[in-house]
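Using the working numbering, read the sequence shown as starting at 722 and increasing by one per residue. We put the beta carbon where it would ideally sit given N, CA and C, even for glycine.
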Amino acid sequence: MRWALVVSGALFLLLAQGGCEAKKEEAQVPSRVVSPGELRAQCEQMVGPPRVERVSERVWVALGFDLANVALIHTQEGNIIVDAGMSPAKAREIKSALEREAPAWPVRALIYTHSHIDHVGGATVWVQEGTQIWATEGFSQHLLKQYGLFREAEKRRGLKQFGMRVDLQSLPCSAIGPRPDMEAMQETGVLFPTHTFSGQRELLVGGLSIHLLEAHGETHDHLFLWIPQEKTLLCGDNFYWSFPNLYTLRGTSPRPVDDWIQSLDRMRSLGAEHLVPGHTRPLHGKEEIARVLRDYRDAIQWVRDEVVRGANRGLDMDTLAETIRLPQHLAGEPQNRELYGQVDWSVKAIYTNNLGWFDGRAHRVHPLSHLEAARREVQLLGGPGRVLDLAKAALDDADPRWAIHLLGKLKDSGLAQDKTLERLKELLAASYETLAQEIPNSNGRGYLLESVKELREGILKTPGPTADPRFLEQIPLPHLFSLMSTALAPEDAMDLEECMAFVFPDEAKRFNLTVRRGIAEVWEGEPLPGTPEPVAVLTMDSVDFRRILFKLANPASLYLKGRIRAQGSWLKALAFLGRFHLGAEQKGGG
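Have a look at this one:
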């Protein structure tokens, strides 16, 4: 039934980091695009083949198997696993490799450095009876938030960022790790933590002291691990061998740049002799680690400070993005090469995170509509046909950015139809492909090349992965109901004002879902003043409710068995919920 799909589809998407799976049967067409030497070298030197390295006496790391690394800490009471891999399939492969190189003892604890799916999706492989799962207190909220309301936007953009249909010759790796495994992502094994902390926490396992320190940066729920006896620091994604992803093309909530700098300084203060990143190869040597981390944090602060200085001088965001560059002494360092994150994207993120979208230019306060401006500019240039000719000339003249600018105006104008539209799509695809040849940044390159695939082959359809019932049944009820507001199809409810209530005795919770002229209002507790009498009050166990939403149980069957009790009309309840949809099918491309 449609209402049973509303949240199941939504939450399954959160498990795929913006969507990282493709249908197995889809053939990958070889591309004309040759990968830049800088990206190939990064893939070979900083990522490398699948392998296990011994970092220190009690620490091993598996790298090159998956987008993120997995580390093992051995103690006399069992092993500690740091991060879980992206999927159970990859985690099983990594576990076998670690067991060949390190003591295969029971797993006492699994520690998440943060909530990105490439670090948590393989949890079910590592967790045994009694295994503790540790994370910061903000983990669960961040996991659900980052893949919640904007899941469809993040999914579509994530597919492009990782270049899901792009051949390996054109995109040999994701700059900080191997490309995500599409087939493996059909299953996810993320689990919520069993233990959380804020600030810092010491774990004493088998005589080994392991310090967990909350350290925001890549995410707001990030931590790193410090093992004093080993002089070993496991830093998650707050450092890897690339300029950091201060902004991600797939979209997410603002990354805390100031906190990231402070976290790096805390890492520097420890005097580590071994550094294990969440991606790319480890570092060794106290002086080398100190120098690399210093220059890494200096690169972030340089960009931040230049944005502040420029904005305070009255410079607009576009000018800042086009002019701010790392100084040579920082830009020349291998950890600051813009192969995963990029300076101009970071400039825009820092600006908008602090000052918002408006950059002080008066002509942007009340502009001509985007559509009308594009139409007038196309007509001024001589019409759609002339714009296509100008773009083709620019492409032939090795100026793909100008070609893309012209074609973007024509696309935005809506004036290209039929054969003109087909020619627009092919020229735009060719322009993206040409531009990609000069882009070493794997995310920007992947986004361009997957956009080519989308224009030529259509939008990539990706089914949601299967998930462990233990995870699904722990998703908080308020989060599930919060997703209902945007799942309403407002065109079906513009003249409607109705309410339905859900009662969950096992959690002592009641939720009122009110539809009022195109708005879905969710309120926990007793109804707000003025709320209409509910068409029905459904009483059920919260686990049954979650199982319905994730298509693990049939609501009609539960109703007939008496596990759903309806005070009011069951048919009206179904009609009410039938107004909620997963969303319109995506159209278009590029």
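Sub-8 angstroms separation of residue i and residue j beta-carbons
i	j	result
His-863	Asp-804	no
Leu-1001	Met-767	The sequence shown places Thr at residue 1001, rather than the Leu named in the question. Against a cut-off of 8 angstroms, the Cβ pair of Met-767 and Thr-1001 comes out as a contact.
Ile-854	Thr-915	yes
Asp-980	Gly-938	yes
Trp-947	Leu-934	yes
Leu-1136	Leu-1149	no
Thr-917	Ala-856	yes
Pro-1250	Glu-1218	no
Gly-1062	Gly-999	no
Val-1258	Phe-1202	no
Val-1326	Val-1064	Beyond the ends of the chain as shown, which are 722 and 1311, falls residue 1326; an answer cannot be given.
Ala-1083	Leu-1116	no
Leu-912	Arg-1191	yes
Leu-788	Gly-884	no
Phe-945	Thr-834	yes
Val-1099	Lys-1130	yes
Glu-951	Arg-779	yes
Gly-869	Leu-1204	yes
Alpha-carbon to alpha-carbon, residue j and residue i
i	j	result
Lys-876	Pro-1055	30 angstroms
Ser-752	Leu-880	Residue placement at Ser-752 is poorly supported in this model, since its pLDDT is 45, which falls under 50; the coordinates still yield a value, given next. Distance between the alpha carbons of Ser-752 and Leu-880: 18 angstroms.
Ala-830	Gly-851	9 angstroms
Glu-742	Met-906	Only weak support is given to the placement of Glu-742: the predicted model assigns it a pLDDT of 36, under 50, and the question is left unresolved by the model.
Ala-818	Val-776	15 angstroms
Leu-991	Ile-982	15 angstroms
Arg-922	Glu-798	19 angstroms
Phe-871	Arg-971	11 angstroms
Leu-1041	Phe-964	18 angstroms
Asp-1016	Leu-1051	6 angstroms
Arg-697	Arg-1122	Because the chain here runs from 722 to 1311, residue 697 falls outside it and cannot be looked at.
Gly-758	Ala-1157	13 angstroms
Met-722	Glu-908	The pLDDT assigned to Met-722 is 42, lower than 50, so where the model puts this residue is not dependable; a value taken from the coordinates is nonetheless given after this. Approximately 23 angstroms, taken between the alpha carbons.
Leu-955	Ala-896	20 angstroms
Glu-820	Leu-793	10 angstroms
Ala-1287	Leu-1273	20 angstroms
Val-1029	Ser-836	30 angstroms
Gly-842	Gln-1138	44 angstroms
Gly-1283	Gln-763	60 angstroms
Same chain, Cβ closer than 6 angstroms to residue i, five either side skipped, listed in chain order
i	result
Thr-796	Val-926, Gly-927, Leu-929
Val-791	Ala-783, Asp-804, Gly-806, Ile-815
Tyr-1153	Leu-1169, Ser-1172, Val-1173
Glu-1027	Ile-1045
Asn-1164	Gln-882, Leu-970
Glu-774	Val-782
Reference residue i; option with closest CA among the options
i	options	result
Val-978	Cys-1220, Leu-793, Lys-1069, Arg-1085	Lys-1069
Leu-1234	Ala-789, Cys-894, Pro-1255, Leu-1281	Pro-1255
Met-903	Ala-1095, Lys-1282, Pro-1184, Asp-1133	Pro-1184
Phe-1297	Glu-1247, Ala-1241, Phe-860, Thr-1260	Ala-1241
Leu-1076	Pro-1248, Gly-1106, Gly-1031, Met-1215	Gly-1031
Glu-1008	Tyr-1017, Glu-994, Ile-1021	Glu-994
Arg-1058	Asp-1039, Asp-1026, Ile-1021, Val-1028	Ile-1021
Glu-1145	Leu-1181, Gly-1104, Ala-1119	At residue 1145 the sequence reads Leu, which differs from the Glu that was named. Among Leu-1181, Gly-1104, Ala-1119, the Cα nearest to that of Leu-1145 belongs to Gly-1104.
Gly-920	Pro-809, Lys-1282, Ala-936, Ser-861	Ala-936
Gly-1053	Trp-962, Asp-1120, Asp-1139, Lys-1130	Trp-962
Asp-888	Gly-1167, Ile-1196, Glu-1178	Gly-1167
Leu-924	Phe-860, Glu-765, Phe-1223, Asn-800	Asn-800
Asp-942	Glu-858, Ser-984, Gly-869, Asn-959	Glu-858
Pro-1161	Ala-874, Leu-892, Ile-838, Gln-867	Leu-892
Arg-976	Ser-1206, Glu-822, Gln-867, Leu-1209	Gln-867
Thr-1141	Gly-910, Asp-1110, Gly-1006	Asp-1110
Contact set for residue i: own chain, Cβ-Cβ below 7 angstroms, skip 5 residues either direction
i	result
Leu-1004	Leu-996, Ile-1010, Val-1013
Gly-1246	Arg-1231
Ser-1263	Leu-1198, Phe-1225, Asp-1227, Glu-1228
Pro-1211	Gly-1239
Arg-772	Leu-784, Gly-785
Other residues of its chain near residue i: CB distance less than 8 angstroms, five sequence neighbours each side excluded
i	result
Trp-847	Ile-802, Ala-805, Ala-812, Lys-816, Val-828, Leu-831
Asp-1213	Arg-1300
Lys-1113	Ala-1124, Leu-1148
Glu-1043	Asp-1065
Pro-1088	Ala-1094
Ile-1285	Leu-1259, Thr-1260, Met-1261, Asp-1265, Pro-1276, Leu-1279
Phe-1079	Arg-1085, Val-1086
Gly-1289	Pro-1255, Val-1256, Ala-1257, Val-1258
CB-CB length for residue i against residue j, believed under 8 angstroms
i	j	result
Cys-894	Arg-900	6 angstroms
Leu-1221	Ala-1294	Rather than Leu, the amino acid found at residue 1221 in this sequence is Met. The Cβ separation is near 6 angstroms, so the contact holds.
Val-1106	Gly-1035	Note that residue 1106 corresponds to Gly in the displayed sequence, not to Val. Actually they do not touch by this definition, with Cβ atoms about 41 angstroms apart.
Phe-1271	Leu-1193	5 angstroms
His-1091	Asp-1037	No, His-1091 and Asp-1037 are not in contact; Cβ-Cβ is about 18 angstroms, not under 8 angstroms.
Interface flag, residue i vs chain D, CB-CB below 8 angstroms
i	result
Arg-1286	Annotation note: the requested chain D is absent from the structure, which comprises a single protein chain.
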